[in-house]
Each structure stands twice: as C-alpha cells, then as structure tokens.
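Using this note's numbering, the first residue of the sequence shown is number 7, and each one after it goes up by one.
Here's the structure we're looking at; comments come further down.
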Amino acid sequence: MTNHLFSPYEIKGLQLKNRVVMAPMCQYSVSARDGKPNEWHYVHYLSRAIGGAALIIMEMTDVEPDGRITDFDLGIWSDDHIPAFARIIDGVHAHGAKIGIQIAHAGRKAEDAKEPVAPSAIPYPGSRYKMPRALTVDEVNQMVQLYADAARRAVQAGVDMIELHGAHGYLIHQFQSSFTNKREDAYGQDLTKFGVEVIQAVKKEMPADMPLFFRITAVEYADGGYGMEHAIKLSKAYHAAGVDVFHVSSGGEGPVGERKPGNYPGYQVPFARKIREALGVPVVAVGMLEDPALAQSVICSEEADLVAIARGMLRDPYWTIHAAKSLRSEYTTIPKQYERAYH
7 MTNHLFSPYE IKGLQLKNRV VMAPMCQYSV SARDGKPNEW HYVHYLSRAI
57 GGAALIIMEM TDVEPDGRIT DFDLGIWSDD HIPAFARIID GVHAHGAKIG
107 IQIAHAGRKA EDAKEPVAPS AIPYPGSRYK MPRALTVDEV NQMVQLYADA
157 ARRAVQAGVD MIELHGAHGY LIHQFQSSFT NKREDAYGQD LTKFGVEVIQ
207 AVKKEMPADM PLFFRITAVE YADGGYGMEH AIKLSKAYHA AGVDVFHVSS
257 GGEGPVGERK PGNYPGYQVP FARKIREALG VPVVAVGMLE DPALAQSVIC
307 SEEADLVAIA RGMLRDPYWT IHAAKSLRSE YTTIPKQYER AYH
C-alpha cells in the first residue's frame, strides 16, 4: 500500500511527513482584541505539532479589523502582528510539523463591524447580523491589496503554505455565488473575477515553491444556491489563476433549504473526489473524518490527497499519534518524552 494516512506527501516545496492536516478552526481568544495571537494560540498549535499532525493550518485570520467574524478573532492587517505569528510558526517547526495560515475576510458575516461590507447589500439571516454595504469597485481593488499585504506578512512570519478562505459564506464565497452577488458590474457578470484577482495578487507575494491552498464550498444548501457544476467551474478558474490545492467543504452561505447536508462521517468526501477528478489537482477532504479507519480509506482509495481533522483534533491534540496506533502504523514518531506511555 503506497499511499496511506501515514505516507509522506509533497506538493511543490511543501514536504509533509504524513497526510494529516489540522483544519483551521476559530478560537475566539484574542483577549486584547488587537488581532494578535496570544499564549492560548501558542499552546494550542504547538500541542497539535507535538501530537503528530503533518500540517497545521492556523485559523481564519483576517485582512482588516472589520473583516473579522468577531473582535476576538485573529488578524494580520499590520506588520505589528508578524512577531506573534512567527513565534508560533517557529515553535511548530521545532516539533517537526509544517504550518500555514488561512487568510480571509468575513464580509457580511462580520458580526462586530459597525458596517459590514459585501458584494451586495444583502444581510446574512439572523438578528446578530447587520445590513452590509456593497463595496465600490475602488474598494474591491483595495480589498484585493489587503489580501496581498496579509500574504506578504504571513510569508515574513515564516509560513510553509497559505490558504485562502473561499468557503462558508465569507467574502470570497460571497463574490463567487449568485445567491449573494447581485452586482451589475464586472464583478457580478463574472463570479470568479474577485477570487481570481485575490489569488493572483497573493501569489505575487509568495515564494514560487510555496503552495497556495483554497478552501471552497463545493455545494450550497440554501435554496437557489450553487452545486458541483458551478464549483468545478470556479475551481478551474482558480486553478488557472494559481491555486495548487483545493480544501473542499460545503455550505455556510445561509439557511439550509431543500438540499440538506449529509452530516455523517465522510459526507463531503465525494465533493473532494469530484474536484480532484475534474481538475487533476490535489485536494484535501474535510468533515467528520476523525475515525482513523475512515481517514485511512479516503487516502487509500485516492479520493483525496490529504485529510483535514477539525473537531476531532480539538477533542484530542494527539489524534494523529492515536490514529497511528489504532491503525498499527509504524510511520509516526511518538515524542521521546511520551514513549513509555505507548509500550
């Protein structure tokens, strides 16, 4: 069995010791509200590095203060943020893992912004969400530059990869969906335009051998939302613009309509497989994959190249070590300080 959960993987200059990714998950733990990661984040991410994950993707980190979901989220809108991220990145590297960052803007889902912005003035349903203001074309161009500046800072901090958040109803997703984008200008006529411009701007700030990941919603569940055909069209445009790996999720754009999410282990894996087959590019599968046997089967059956563990890794920082023991794999290293607990 050549490809399995604990086989190495390489994409461009990123060399991973296994196929386990820690999915980005917001911690809502910036006590000073300045966007800088603090001691919680340092311990949180280093614990998963010690626990054996090959790649850690730091949580949704926003390109401007009002681009955060809440004021307790991370940001990378200032050079002042770089040292705090660099400390985490250096620590993770010291424990044998690779680490990247998910760059994003919440758009109309920015709960604490005085006036959220979006492609169109359509609020996200729910009492805690405000009416957003539609961005002008000049502001869209400025937003693209904010993503590029954030990428530059992430590279300066020492990341191994960057992921753009184009899923779960956040700003890039809002532009790429006719459900939330009702613009009559070029950004409404071509739903890939904003995403493509962000990708191209970010790639210019990245080393040539650093891979760019893209988190994509493959299927929207709101009535009138898009399906796999549109997701594949988006993915082709984004791949041509410079995306190297797609991290495939679903939903997040609004209330669930007639099309329901599966909400069972592995329900999103077919979406990842379809994008992988349609484009011939690497994909990350995510969503309730914490059963080691299921995660193993996703890799062995070549449905995805990497598996991202989310809540399973919140519950267990050492999920990767425990998965290796469960699968009787000899391919993961237990920290010497903990070896006696596994004999």
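Backbone N, C-alpha and C define an ideal beta-carbon position, used for all residues, glycine too.
About 12 Å separates the CB atoms of V202 and L218; that is not less than 8 Å, and the two are not in contact. In this structure G272 is buried. Its beta-carbon is surrounded by 16 or more other beta-carbon atoms within 10 angstroms. In chain order, H10, L11 and L333 place their CB closer than 7 Å to the CB of Q302, counting only its own chain and leaving out the 5 sequence neighbours on each side. Nearest C-alpha to D40 among P14, G58, T76 and V27: T76. Where K104 is concerned, the enclosing beta strand (DSSP E) starts and stops at K104 to A110. Rounded to the nearest angstrom, the Cβ distance from R221 to A173 is 4 Å, consistent with a contact under 8 Å. Annotated three-state conformation of Q182 is helix, per DSSP. DSSP, reduced to helix, strand and coil, places M167 within a strand of the structure shown. Under the three-state reduction of DSSP output, L218 falls in the strand class. Under the three-state reduction of DSSP output, M64 falls in the strand class.
Nearest to A116 by alpha-carbon distance, out of G231, I56 and E70, is E70. Secondary structure at I56: helix, using DSSP grouped into helix, strand and coil. Secondary-structure assignment with DSSP links M28 through a beta bridge to I62 and I315. In the DSSP assignment, I238 falls within the unbroken alpha helix (DSSP H) covering M234 to A247. Put simply, the region 118–129 touches the region 138–151. At least three CB pairs are less than 8 Å apart. By the Cβ test, the region 259–279 is not in contact with the region 240–247, since fewer than three Cβ pairs between them sit closer than 8 Å.
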